[in-house]
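Sequence positions in the sequence shown follow mature numbering (1 follows the signal peptide of the UniProt record, and there is no 0) and run -21 to -1, 1 to 271. Ideal Cβ placement from N, Cα and C applies to all residues, glycine included. These notes concern the structure reproduced below.
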Amino acid sequence: MRNLLISYAKAVCLTGLLLLAGCSDKDKDKAKQQPVPFINQDRFGRYDSIGNLGGKPVSIPGGVVLHWVRYIGDPGDFDASRKAQKYKRPPITYQLPIESFGFMYRLTDGAVLSKKEKTDIDFMHDNKTLIPRGEPFPWGHTIVYNLYKTSMPTDFNKAFEENLQLTRKIDKFEYFEQSEKKYGLTYFKANNGIDPFTNQPWQDDISSPDIFIYKNLKGKIKTYIQCDFIGQVQFCKHRFYLKSLPILIYISYNRNYLSFWEQTEKNIDYILNSWVVSNDGRLIKKQAGKFN
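Right, here's the structure in full:
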């Protein structure tokens, strides 16, 4: 009887060891399937935000991103639904598609704001000195949108035509192309600048902002800018498609910097490409917004 109990105990222990070994092997296999990606850091130890943008792996300096990076499938900021609460984001890798993120861009020299760096000090100084004096603020709030579906528009032709039709139908006025371009942009003004009811210069820039567009050689509108034209502070909402990657950019800034539009597009293209890395996260070039 005693020998039988001993044999049984040995069998139980052996079974337990085999189960543990099996679990260990499964865990190892799982680890092999989902390796932890290499992530770059800045001099403060902050980790970059990683993902896939425009079909390319990117590593965005941690001090640059405004708020957070949103990935495809992430619930909305104010989504309190049960589905949103149960949502579990896939592991973040260089293959996980990014939906959008934001950063601050300085129009005068193409600098990117990075927290704790000199650009952060510059930004706070400009906030305290320029804005109270009513002087042009040189920073633009920039949002990057990933065009992750082939069905997404890659030009503004349809949006531009729909905008003209809506103003015609709802607001009962027309946009007129001006005879001269502005900074190389085709310029459209509502009612040619005259209010038909008062016969005075048009004063409603809420429903009828000035419009500036730029077409490529194929006639596709790749730059679409709407600007205020009244008020002490006049802003421009500037949207454009990157030439190098399937990405849409939105940037808002003081109208005083409208003449910088083309250089701004080139600079932002360069900035985003500086964040492109190898498939395993190794840097290819110096990252904009990161300092040694």
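- Remark: fewer than three beta-carbon pairs, one from each stretch, lie closer than 8 Å, so the region 195 to 209 and the region 151 to 163 are not flagged as touching.
- For Phe167 and Asp174, the gap between their C-alpha atoms comes out near 15 Å.
- Between Gln64 and Asp88, the alpha-carbon positions lie close to 43 Å from each other.
- Residue pairing by DSSP places Ser231 opposite His120 and Lys216 in a beta bridge.
- Scanning Lys199, Ile250, Tyr162 and Asn178 for the CA closest to the CA of Phe191 turns up Tyr162.
- Tyr154 is bridged by DSSP to Ala169.
- Beyond the five residues adjoining it in sequence on each side, Leu45 comes within less than 6 Å, by CB distance, of Gly81 and Phe82 in the same chain, given in chain order.
- Within the region 50 to 123, the alpha helix (DSSP H) runs of at least 4 residues that lie entirely inside it are, in chain order, 61 to 65 and 97 to 112.
- Arg112 and Val256 have their C-alpha atoms some 42 Å from each other.
- The bridge partners DSSP lists for Phe191 are Tyr166 and Ile204.
- Contact check between the region 230 to 249 and the region 27 to 42: fewer than three CB pairs, one atom from each, fall below 8 Å, which does not count as touching.
- DSSP lists Ile226 as the bridge partner or partners of Asn125.
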